[in-house]
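Take the sequence shown: its position 297, counted from the start at 1, is 297 in my numbering, and no numbers get skipped. Think of the CB as a built atom: it goes at the ideal place given N, C-alpha and C, for glycine as much as any other residue.
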Amino acid sequence: MIMRRLLAGVAVPLTLVLAAGPATHARQPARYDILIAGGTLIDGTGRPGVVTDVAIKSGKIAAIGRIPRSQAEQVIEASGLVVSPGFIDVHTHADGLVERPAAANFVRMGVTTVVAGNCGGSALDVAAALSALRENPGAVNFATLIGHNTVRSAVMGSENRAARAGEMARMKSLVWKAMADGAVGFSTGLQYVPGTYAQAPEIVDLARVAANAGGLYASHMRNEGTELEQAIAETIRVGEATGARVEISHLKVDSPNRWGASAKALALIDAARAKGIDVRADQYAYTAASSSLSIRFPSWALEGGRAKIAERLNTPETWEKIKKEMAALLAERGLRDLSFAIVALYRPDSSLNGLSMQQIALRKKGSDSADAQFEAAREMQLEGGAQMVYHFMSDDDVDRIMRHPQVSIASDSGVLAFGDGVPHPRGYGDNARVLGTYVRARHVIPLEEAIRKMTSLPAGHFKFANRGTVKVGYAADLVVFDPKTVADTATFEAPHGYATGIPYVLVNGVIAVKNGTQTDARPGQVIANSVLEKR
Ligand SMILES: [Zn+2]
């Protein structure tokens, strides 16, 4: 829309000059498309804000400073508001952007760039995924990783063993092709099937393929609680062995009896960085996680596909063994039952959405004992499993991780359909929650630092040139928000609520949110790995 108007703005005045009589003065075409006037510019570098104007031309930031309003075709009055780079969310599951191009949950909280393909799950055909978005763009910019689980499933199904030489070669070639097609790195999800069956050498060999193509290694680690330090060490070793930049995904401490271990985790990151390994992390600003119900089962019980899983769950002796291991896995972490687990989305029976496993056990089994909860979990797993929200982190760990200068803010969310299911509220609120709760209400980090963690920090680590800072020549991805009111409204009980206090969002110089309402614009671009093209 804007582009069309822009072209008209150039062509029409000339026609007017020719057609009009001498009494009419031809209006000069505006020097800038949009002027954001009088806001406090927080440029993403961490520097303090300054009151100034930002001018945009042809999708780029064209000027910063005192700029006359008359020089712009359109003026956004930003006095009293903060103007910052658009937020870059490097840990998402926004693989469905082409189906839901508005990406309203992201755009409305100020996100202008998403990285999909995380936790080991991505499109297998990256070329097709990117070309679909080039043809039908979304409202936000899009990059993707190539997922280990995706590649391993394609070559080995859900086999619980090491890859054979031929399989390894096929997996390497799939990763190489994805990188050549524009993936920006390689991701693992080592708590999920089948990634969990892979040992370190397989991961190192595949990450090296991505690293050689300029890609980063992002990992949902093997463990985030009881063996957090070992898992971080395994992740760092991949960077050490391959030279890849490393992103530890959704860094957290997910076991009550390990609360406080974030100090050790962050010290390991610092020590690795001191040795020259470029490891960083991201986090979401909540004390509850979102994952599958299956993650509560021992991984051997999930081998070999649905029929085999059903056979195990339906064989009384095997099920007894599984149940014992489930209880032991919880006990190890300081949990006695599944009362910390809330159903987000259970397709066969949506009336269970929003209930805890304790409530479900009471309803279906007439008892809320741990055993009844496991029985309910078994039935749900047999029906295809569920998406869950797990309440098992501490505020102290979340705060400590947020204060670390190498940790960026990322939602871990997909592109949500408004009103569908009971997803984790982070998908609507993460960035706004950091600005409203962690910055304004609780003073965990200063505003400039929060913005840096959402912009230049992730842009630098993912090597997104010309984004993440408000700088002349950079892409005009911008957010205009009210620091006094910006807030998340999404809660665990009622997650479908947009962030508030964010009146304007611009993506590539096009207004995607205007007066707090999303426009029809779909100006998102594909951000593709360009290292291979440059060779
Ligand atoms: Zn994950």
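Should glycine 223 be counted as a contact of ligand 1 given a C-beta to heavy atom distance under 7 angstroms?
Residue identity differs from the one stated: residue 223 is asparagine in this sequence, not glycine. For ligand 1, not one heavy atom lies less than 7 angstroms from the Cβ of asparagine 223.
Residue burial classification, aspartate 520 (beta-carbon count within 10 angstroms, cutoff 16):
exposed
Could you name the residues, in chain order, whose CB is less than 7 angstroms away from a heavy atom belonging to ligand 1?
Asn118, Cys119, Gly189, His220, Ser249, His250 and Asp412
Going by Cα to Cα distance, which pick from Thr112, Ile232 and Asp368 is closest to glycine 468?
Thr112
Do you know offhand how far glycine 53's Cα is from proline 483's?
Checking the sequence, you will find aspartate at residue 53 rather than glycine. If I take the Cα positions, the gap works out to 17 angstroms.
If you drop the 5 nearest sequence neighbours on each side, which residues of the same chain put their C-beta closer than 7 angstroms to that of alanine 344?
Ser290, Asn353, Gln387, Met388, Val389, Gly421, Val422, Pro423 and His424
Which parts of the segment 380-406 are runs of the beta strand (DSSP E), unbroken and 3 residues or longer, counting only runs that do not cross its ends?
387-391
Report the CB separation of leucine 601 from alanine 104 in whole angstroms; it is logged as a contact under 8 angstroms.
Any answer about residue 601 is impossible in this case: the structure gives the chain only from 1 up to 535.
Proline 446 to valine 507 span [Cα, whole Å]:
25 angstroms
Within 8 angstroms (strictly less), CB to CB, does arginine 170 reach chain E?
The structure shown contains no chain E, having only a single protein chain.
What residue range is occupied by the uninterrupted alpha helix (DSSP H) comprising aspartate 270?
262-274
Serine 262 to proline 458, Cα distance in whole Å?
20 angstroms
Straight-line Cα distance separating proline 48 from alanine 377:
50 angstroms
Contacts around threonine 196, its chain only, beta-carbon distance under 6 angstroms, and the 5 residues preceding and following it disregarded
Leu190 and Ser299
At what residues does the beta strand (DSSP E) containing leucine 345 begin and finish?
341-345
Going straight from the alpha carbon of aspartate 282 to that of threonine 315, what length do you get?
41 angstroms
Check the DSSP bridge columns for lysine 514 and list the partner residues they point to.
Thr517
Kindly indicate which residue of Arg164, Ala178 and Leu293 has the alpha-carbon position closest to the one of threonine 150.
Ala178
Proline 85 by DSSP, collapsed to three states: which one?
strand
Closer than 8 angstroms is the cut-off here; do at least three beta carbon pairs connect the segment 128-145 with the segment 520-529?
yes
Quick one: what's got a C-beta closer than 7 angstroms to threonine 485's C-beta in the same chain, skipping five residues either side?
Thr500 and Gly501
First and last residue of the uninterrupted beta strand (DSSP E) at alanine 289
288-292
So, using beta-carbon positions, are aspartate 39 and valine 75 closer together than 8 angstroms?
Residue 39 is actually glycine in this sequence, not aspartate. Cβ distance not < 8 angstroms, so glycine 39 and valine 75 don't count as in contact.
Please return the same chain residues whose Cβ sits closer than 8 angstroms to the Cβ of glycine 260, not counting the five positions on each side in sequence.
Val253, Ser394, Asp396 and Asp397
For glutamine 358, I'd like the list of residues in its chain whose CB is within less than 8 angstroms of its CB, leaving aside the five on either flank, ordered along the chain.
Asp337, Leu338, Ser339, Asp368 and Gln373
In this structure, how does DSSP classify arginine 31 when only helix, strand and coil are distinguished?
coil
What first and last residue would you give for the beta strand (DSSP E) that runs through valine 126?
Unbroken run through valine 126 is the alpha helix (DSSP H), 126-135; no beta strand (DSSP E).
How many Å lie between glycine 460 and lysine 308 at the Cα?
45 angstroms
Distance, alanine 274 Cα to glycine 509 Cα
39 angstroms
What does the alpha-carbon distance come out to for the pair asparagine 515 and arginine 108?
11 angstroms
Specify, as a first and last residue, the run of the beta strand (DSSP E) that lysine 57 falls within.
50-57
Residue(s) in a DSSP beta bridge with glutamine 74
Ile34
On the CB-based measure, 16 or more other CB atoms within 10 Å of its CB, does arginine 69 come out buried or exposed?
exposed
Name the two residues that bound the continuous alpha helix (DSSP H) containing phenylalanine 564.
This structure cannot settle anything about residue 564, because the visible part of the chain is limited to 1 through 535.
Based on DSSP bridge pairs, tell me the residues matched to tyrosine 504.
Val480
Nonlocal neighbours in the same chain, by C-beta distance under 6 angstroms from phenylalanine 481, ignoring five residues either side:
Val82, Gly501 and Ile502
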